[in-house]
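Order-wise, the sequence lines are chains A and B.
For what it's worth, numbering that gives the first Met the number 0 labels the leading residue of the first sequence as 0, then goes sequentially.
For what it's worth, numbering that gives the first Met the number 0 labels the leading residue of the second sequence as 0, then goes sequentially.
A short worksheet on the structure shown next.
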Amino acid sequence: MHLRKVNFWFLSSLLISIIVAIPIITVFSSFFEDTSNYYQILKDTFLFEYIFNSFTLLICVLVLTFIFGTSTAYLVSFYKFPLSNFFKWALILSFAVPPYIYAYSLTAFFENYGTLYSILKNLFGPGNYNQYIPKFDGLLGAVLSLSFSLFAYVYILARASFLYQSQNLIDLGRSLGFSKLKSFYYLILPAARPAIVTGLSLVAMETLAEFGAVDFFSINTLTTGIYNAWITFDDLAFSNRISFFLLIFIFAIFILENLSRKKARYHSNTKGGFKQKEKIQLSGAKAFYVFFICLIIFFLSFLFPLGQMLYWTIKFPENFFDLNILTLTLNTIYLVFLSSLVLILFSLISNYGNRVSKNKILNILSTLSISGYAIPGVILAVAFITFIAWFDENIIQALGFLSIKKMFIGSILGLVLVYFIRFYSLAFNGIKSGYEKINISVDESSYLLGYSKQKTFMNIHVPYLRNSLLFVVILISLEIIRELPITLILRPFNFETFATTAYISASEDLLEAAAAPSLFLILIATAFIMLTSKYILREK
Amino acid sequence: MRKISIFTLILTLFAPVFLAANEVNIFNARHYKADAELYGKFTKATGIKVNLINGKSGALEKRMIEEGADSAADLYITADAGRCGAFQAKGMTQSGLVSSTIKSSVPKNFRTTHWVGVAKRARIIYYSPERVTGAELSGMSYEGLADPKWKGRLVIRKSSNIYNKSLVASLIANNGKKATADWAKGVVANMARDSKGNDRAQIMAVAAGEADIAVANTYYLALMLSGKKGPEQQEAAKKVKAFFPNQDGRGTHMNISCAALVKGAPNKANAIALVDFLLSPESQEHFTNNTFEFPMISGVSPSPLVVNNLGLDFKQDLATKVSTYGKNQAAALEVMTAAGWK
Numbered sequence: 000m001h002l003r004k005v006n007f008w009f010l011s012s013l014l015i016s017i018i019v020a021i022p023i024i025t026v027f028s029s030f031f032e033d034t035s036n037y038y039q040i041l042k043d044t045f046l047f048e049y050i051f052n053s054f055t056l057l058i059c060v061l062v063l064t065f066i067f068g069t070s071t072a073y074l075v076s077f078y079k080f081p082l083s084n085f086f087k088w089a090l091i092l093s094f095a096v097p098p099y100i101y102a103y104s105l106t107a108f109f110e111n112y113g114t115l116y117s118i119l120k121n122l123f124g125p126g127n128y129n130q131y132i133p134k135f136d137g138l139l140g141a142v143l144s145l146s147f148s149l150f151a152y153v154y155i156l157a158r159a160s161f162l163y164q165s166q167n168l169i170d171l172g173r174s175l176g177f178s179k180l181k182s183f184y185y186l187i188l189p190a191a192r193p194a195i196v197t198g199l200s201l202v203a204m205e206t207l208a209e210f211g212a213v214d215f216f217s218i219n220t221l222t223t224g225i226y227n228a229w230i231t232f233d234d235l236a237f238s239n240r241i242s243f244f245l246l247i248f249i250f251a252i253f254i255l256e257n258l259s260r261k262k263a264r265y266h267s268n269t270k271g272g273f274k275q276k277e278k279i280q281l282s283g284a285k286a287f288y289v290f291f292i293c294l295i296i297f298f299l300s301f302l303f304p305l306g307q308m309l310y311w312t313i314k315f316p317e318n319f320f321d322l323n324i325l326t327l328t329l330n331t332i333y334l335v336f337l338s339s340l341v342l343i344l345f346s347l348i349s350n351y352g353n354r355v356s357k358n359k360i361l362n363i364l365s366t367l368s369i370s371g372y373a374i375p376g377v378i379l380a381v382a383f384i385t386f387i388a389w390f391d392e393n394i395i396q397a398l399g400f401l402s403i404k405k406m407f408i409g410s411i412l413g414l415v416l417v418y419f420i421r422f423y424s425l426a427f428n429g430i431k432s433g434y435e436k437i438n439i440s441v442d443e444s445s446y447l448l449g450y451s452k453q454k455t456f457m458n459i460h461v462p463y464l465r466n467s468l469l470f471v472v473i474l475i476s477l478e479i480i481r482e483l484p485i486t487l488i489l490r491p492f493n494f495e496t497f498a499t500t501a502y503i504s505a506s507e508d509l510l511e512a513a514a515a516p517s518l519f520l521i522l523i524a525t526a527f528i529m530l531t532s533k534y535i536l537r538e539k
Numbered sequence: 000m001r002k003i004s005i006f007t008l009i010l011t012l013f014a015p016v017f018l019a020a021n022e023v024n025i026f027n028a029r030h031y032k033a034d035a036e037l038y039g040k041f042t043k044a045t046g047i048k049v050n051l052i053n054g055k056s057g058a059l060e061k062r063m064i065e066e067g068a069d070s071a072a073d074l075y076i077t078a079d080a081g082r083c084g085a086f087q088a089k090g091m092t093q094s095g096l097v098s099s100t101i102k103s104s105v106p107k108n109f110r111t112t113h114w115v116g117v118a119k120r121a122r123i124i125y126y127s128p129e130r131v132t133g134a135e136l137s138g139m140s141y142e143g144l145a146d147p148k149w150k151g152r153l154v155i156r157k158s159s160n161i162y163n164k165s166l167v168a169s170l171i172a173n174n175g176k177k178a179t180a181d182w183a184k185g186v187v188a189n190m191a192r193d194s195k196g197n198d199r200a201q202i203m204a205v206a207a208g209e210a211d212i213a214v215a216n217t218y219y220l221a222l223m224l225s226g227k228k229g230p231e232q233q234e235a236a237k238k239v240k241a242f243f244p245n246q247d248g249r250g251t252h253m254n255i256s257c258a259a260l261v262k263g264a265p266n267k268a269n270a271i272a273l274v275d276f277l278l279s280p281e282s283q284e285h286f287t288n289n290t291f292e293f294p295m296i297s298g299v300s301p302s303p304l305v306v307n308n309l310g311l312d313f314k315q316d317l318a319t320k321v322s323t324y325g326k327n328q329a330a331a332l333e334v335m336t337a338a339g340w341k
């Protein structure tokens, strides 16, 4: 009996790992294929450019998100100033604006004869203002778009860590006669380092995987390079070589993050000593400056793109009327619902399996299966198609069955499956952190009381996990609402989401038409964030 | 009950597999609203449902290739002859676009039996009348873009752009690869800035004084002048003038929006019917008035905005076959990249 159950958990974890491993295996299986000489010159030129651009982008975005994220988190965690309670949650609204929509907004506002030009013309009368308007495009535009869209990762984690810092640390700084800045730099920041590094590593993953904004500004990065090598040049081997470099980047980030966590044990204050600290009330000029800093970040990260998209939606209303809002909303909800269902179900199975079986191999398997999040959606989608085509030809049809391609390529099933691979780690880790809070002795007591495993799961685990489940659903929803490359490549006929509608208009030189779908995307995502901001920002 | 609804939900996942109807499936890389309106008219007239999968051409092509014989794709519609040609070279299209409508209305250099042009555009030079004199422009050609007199005065988009690839491919077809490689170096030396932005951004750069001449497609200026892009862009468009190069020689570089018949198309007859429909005078007029392209068939005139501001009476390059764009695409990208064209 016992053995059989272990086998079930083992098999389901194995299944999940295999599904998630498909794209990675597909990419590397053709690593040794000959690359054609055809584009040799281009390859050498391009490869250097890809690495250089990805690296520059990564470093700049990390620096900016660190500055934006930690400074605002520090201000709202330690001080009281006008609207500080509002900023506390308003700053996470930037999550609702994906980098590519930020990129559209930057271009719309600053381009020649753009929105800023109109404003200047209305204020000061006709004149050639274009030459004085800075242009935020290319690499700079991509850095800004990604930084303002992603800094909330750092903000949320830094803030959570600041909140848990004991009053003692602040008192220590004071008794050492440190200035506030010195305390921040020497005491508060080092203590929050693991959380900040985790936030930054999430930013790094997102930056390396980013497709929409980078593609919009036509910057050649490793991710767009993989896409181009595979799709434009049909050169899978070269594409794999670029993937290899990208994976090295990602691997390095993993290692750094883990190292930082190990060191963290020395820093964290595990037992006792936690005392809710008093926030310092600011007044006068100081309060104003602090208020102003938060306002600027909030304005630039959220109000600016929202405002620009709203302005264009009003200015070009025909695009709004052309938009089939009901269908797009239903499509989005449909995808969110199905994906959440599948993701939650399998994450529960594999988390519960880990808990009851304590099998080492099982643990390794589930660690492997969370790697999907580190792989850009573009690679996942294309690798999935390649795999299905290969599998269909060599196995299904060779055995004399009907082709399964249509079932997986260009179907909701295939789309949900690849979402599953990409977002499994979000669901798995979210539920895992919930499980870690349920002491294993709870299970044991439950068994002693004569509860079956199933009953323990349904009556004890699920209620405990309710908050984690909710949080996971929201995270998945936000990701799917914004998701671009996978949806773009794998969706069925006549099936669009707000994201694909916006992207397609923008890629066709019809940026104005991208405004209305972008606006709706921001609004829906905002609603999701507001629903759960309490959970994300919980203070205890 | 709950189980039944979950079962239904799962069934809907597979639904597309079982559906078959009087339809035509288009892999569509042209996303103009005007096109969608035309497809609606087609369905009304024939009862054939038009299914669309929109996307960028590269991704669409890849998907059709991987789907192979099982692909539902009937037609691949995209905005560049180079793309249709390259797709044909991969063996992904089939012959069959030989209806009497196609043969009688589309000039030979704009079609093969595998794919057909449905609308035309020219890639031309835009200039600032304030800063460029008639004498400077006199006899101007694409070849002349490499002339040192334009140093620091030229803007053109990136080398990865398909319109540029096709333009350079046509230069290779006419002047050879070596001469075109030298030409590309000259063009890069003349650039006012590193290449960036779309065609419209190039025109606006000239309007804003960042450069004196730009290379862009014809319909963009008309689109800006139409006011559909707002009064600012209309204002910008009035500050530039269009110039049709190579009038003394082979004529201005023409490109097409093309429809390719996909290999193994399950609804071949419907696909051909749709292409015929797109070539009807009514559809052609719809194109010219909404996307501001040039009509493919004779007897339909371009939009008044195009005629009045760009001029109609220019010599088109009808000698260079558009099918060479696909053939020379790789070489075109190679010479541009070698020249340092971003």
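Think of the CB as a built atom: it goes at the ideal place given N, C-alpha and C, for glycine as much as any other residue.
C-beta contact flag for residue i and residue j at 8 angstroms
{"i": "L342(B)", "j": "I202(B)", "result": "This structure gives no information on residue 342(B), because the portion of chain B shown stretches from 0 to 341."}
{"i": "L46(A)", "j": "L105(A)", "result": "no"}
{"i": "M295(B)", "j": "V131(B)", "result": "no"}
{"i": "P516(A)", "j": "T500(A)", "result": "yes"}
{"i": "A208(A)", "j": "P22(A)", "result": "no"}
{"i": "G413(A)", "j": "S467(A)", "result": "no"}
{"i": "A264(B)", "j": "T45(B)", "result": "no"}
{"i": "A330(B)", "j": "K157(B)", "result": "no"}
{"i": "F386(A)", "j": "E478(A)", "result": "no"}
{"i": "T331(A)", "j": "L518(A)", "result": "no"}
Amino acids of chain A, ordered along the chain, whose beta-carbon sits closer than 7 angstroms to that of residue i
{"i": "A204(B)", "result": "N111"}
{"i": "Q232(B)", "result": "Y112"}
Of the residues the options, the one placed nearest residue i, counting alpha carbons only
{"i": "R122(B)", "options": "G339(B), P303(B) and A80(B)", "result": "A80(B)"}
{"i": "A259(B)", "options": "N21(B), E22(B), N27(B) and A331(B)", "result": "N27(B)"}
{"i": "K87(A)", "options": "E443(A), V75(A) and P97(A)", "result": "V75(A)"}
{"i": "G185(B)", "options": "W340(B), T319(B) and N254(B)", "result": "W340(B)"}
{"i": "V96(A)", "options": "L305(A), I395(A) and E495(A)", "result": "L305(A)"}
{"i": "A134(B)", "options": "M190(B), T319(B) and K148(B)", "result": "K148(B)"}
{"i": "V154(B)", "options": "A145(B), V214(B) and N174(B)", "result": "V214(B)"}
Within chain B, the residues that residue i reaches when beta carbons sit closer than 7 angstroms
{"i": "I230(A)", "result": "G57, A58 and K61"}
{"i": "L487(A)", "result": "G54 and A58"}
Residues that residue i contacts on chain A, provided the C-beta gap is smaller than 8 angstroms
{"i": "A200(B)", "result": "E110 and N111"}
{"i": "A188(B)", "result": "Per Cβ cutoff of 8 angstroms: no residues; A188(B) is ~18 angstroms from chain A at best."}
CB-CB length for residue i against residue j, believed under 8 angstroms
{"i": "N108(B)", "j": "V321(B)", "result": "6 angstroms"}
{"i": "K533(A)", "j": "D69(B)", "result": "So it is not a contact: roughly 49 angstroms between Cβ atoms."}
{"i": "Y154(A)", "j": "L201(A)", "result": "About 11 angstroms; that fails the 8 angstroms criterion."}
{"i": "A512(A)", "j": "S504(A)", "result": "4 angstroms"}
{"i": "G138(B)", "j": "K326(B)", "result": "Actually they do not touch by this definition, with Cβ atoms about 29 angstroms apart."}
Listed by chain order, chain B residues near residue i by CB distance under 8 angstroms
{"i": "A388(A)", "result": "E65, E66 and G67"}
{"i": "Y116(A)", "result": "E231"}
{"i": "I420(A)", "result": "In chain order: nothing, as chain B lies at least about 17 angstroms away."}
{"i": "T222(A)", "result": "Going along chain B, no residue has its Cβ under 8 angstroms from T222(A), so there is no contact; the nearest lies around 14 angstroms."}
{"i": "T385(A)", "result": "E65"}
{"i": "V381(A)", "result": "K61"}
{"i": "V492(A)", "result": "The displayed chain sequence assigns Phe, not Val, to residue 492(A). Correct list: P15, N24, N50, L51, I52 and A71."}
Within chain B, partners of residue i - CB distance below 9 angstroms
{"i": "T71(A)", "result": "Near T71(A) there are no residues of chain B at all, since even the closest Cβ is about 32 angstroms away, more than 9 angstroms."}
{"i": "E511(A)", "result": "K227, K228 and G229"}
{"i": "I503(A)", "result": "H30, N53, G54 and K55"}
Exercise for the section: Identify every run of the alpha helix (DSSP H) within the stretch 189–217 of chain B, keeping only runs that are complete inside it and at least 4 residues long; order them along the chain. Expected result: 198–206
Practice task
Kindly provide the ranges of any beta strand (DSSP E) runs that are 3 or more residues long and lie completely inside the stretch 80–140 of chain A, ordered along the chain.
Solution key: none
Practice task
Output the residue ranges of the alpha helix (DSSP H) runs that lie fully inside the stretch 311–369 of chain A and measure 4 residues or longer, sorted by chain position.
Solution key: 316–321, 324–356 and 359–367
Handout entry: Entirely enclosed alpha helix (DSSP H) segments - the stretch 155–200 of chain A, minimum 4 residues
Key = 166–174 and 179–182
Practice task
Quick one: which unbroken alpha helix (DSSP H) runs of 4-plus residues sit fully inside the stretch 156–182 of chain B? Chain order, please.
Solution key: 161–174
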